[in-house]
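If you count by mature numbering (1 follows the signal peptide of the UniProt record, and there is no 0), then the sequence shown holds residues -27 to -1, 1 to 165, one letter each, in order.
Yeah, the Cβ is synthetic: ideal placement off N, Cα and C, and Gly gets one too.
One structure is given below, encoded as structure tokens.
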Amino acid sequence: MGRTNQFPSLAILVLVLVLVLVLECSATPISKIRAHPHPCKRLVFYFHDILYNGHNSKNATAAIVGSPAWGNRTILTGQNHFGNMVVFDDPITLDNNLHSTPVGRAQGFYLYDKKDIFTAWLGFSFVFNSTEHKGSINFAGADPLMNKTNISVIGGTGDFFLTRGIATLSTDAFEGEVYFRLRVDIKLYECW
């Protein structure tokens, strides 16, 4: 006797806890509900890379700064250029003409990182100096050369403060080991 029935109060407590858990788990921030977001900004640029080859110091915009023991710093090594590291300060233009007015510079490096296939890893920034754009956009990623590929847009400054997105690189021109031009199609998904 003296014993009270605790079942109804325990059942209510369990029901309340289950409801709280269900509501907590189903509450998704609206910022995370992006099935297929559209870019907030899209830009297309071309960057022109002229590799120093021992004879073109006046117009070279890139130079080999590291090479394997069997290589040298004026000619890319054989076997897919494995081990070469190149720094660059290339002009960026709005069209594919090297002689167009530059809107900024592509500054960074690429290194050839595989023996078995022709590929490079890139880390660089677009530093803008035009009236249309101020600031920089930073990029990083692997580029299987001569193929269209996406690399990451990992930040920026000025007009591109804290931006995120992808950049689709495609080789627009290739002249041996001295000159290449990349088309860079940038899609930004976080814009401030």
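- Straight-line Cα distance separating Ile159 from Leu142: C-alpha of Leu142 to C-alpha of Ile159: approximately 9 Å in a straight line.
- Task: Using alpha carbons as the reference points, say which of Val60, Thr34, Arg154 lies closest to Ser40.
- Result: Residue Val60 is the option with its Cα nearest to Ser40.
- Message: If I measure Cβ to Cβ from Asn102 and keep anything under 6 Å in the same chain, skipping five residues before and after, which residues do I get?
- Response: Sequence-distant Cβ neighbours of Asn102 in its own chain, meaning closer than 6 Å and more than five residues away, are Gly77.
- Message: Rounded to the nearest angstrom, what separates Asn32 and Asp132 at their Cα positions?
- Response: Between the alpha carbons of Asn32 and Asp132 lies a distance of about 30 Å.
- Message: In this structure, how does DSSP classify His21 when only helix, strand and coil are distinguished?
- Response: Residue state, collapsed to three classes: strand.
- Assign Phe20 to buried or exposed, taking buried as 16 or more other Cβ atoms, counted over all protein chains shown, within 10 Å of its Cβ. With 16 or more other Cβ atoms within 10 Å, it is buried.
- Query: Is Ala146 buried or exposed, if buried means 16 or more other CB atoms sit within 10 Å of its CB?
  - Reply: Exposed.
- Task: List the DSSP bridge partners of Trp94.
- Result: Among the bridge pairs identified by DSSP, Trp94 is matched with Leu84, Ala115.
- Query: What is the rounded straight-line gap between the Cα of Val151 and the Cα of Leu84?
  - Reply: The straight-line gap separating the alpha-carbon atoms of Val151 and Leu84 is approximately 16 Å.
- Query: Is Phe99 near Ile65, with beta carbons less than 8 Å apart?
  - Reply: Here Phe99 is near Ile65, since their CB atoms are less than 8 Å apart.
- Within its chain, find whatever has a CB closer than 6 Å to the CB of Pro117; leave out the 5 residues flanking it on each side and keep chain order. Excluding residues within five positions, the ones whose Cβ falls inside 6 Å are Thr92.
- Starting from Ile75, trace the beta strand (DSSP E) both ways and give me its first and last residue. It should be pointed out that residue 75 corresponds to Pro in this sequence rather than to Ile. Pro75 -> no beta strand (DSSP E), and no H or E assigned at all.
- Task: On a CA-only basis, which of Asp68, Phe55, Pro10 is nearest Trp43? Give me that one, please.
- Result: The option with the nearest alpha carbon to Trp43 is Phe55.
- Message: Give me, in chain order, the residues of the same chain whose beta-carbon lies closer than 8 Å to that of Cys13; leave out the 5 immediate sequence neighbours on both sides.
- Response: Only Leu161, Tyr162, Glu163, Cys164 meet the Cβ criterion.
- Item | Sequence-distant residues of the same chain with beta carbon closer than 6 Å to Arg156, five excluded per side | Answer for Arg156: Tyr19, Ser143, Asp145, listed in chain order.
- When we look at the beta-carbon of Leu135 and count the other beta-carbons within 10 Å, is it buried (16 or more) or exposed? The residue in question, Leu135, is exposed, as its Cβ has fewer than 16 Cβ neighbours within 10 Å.
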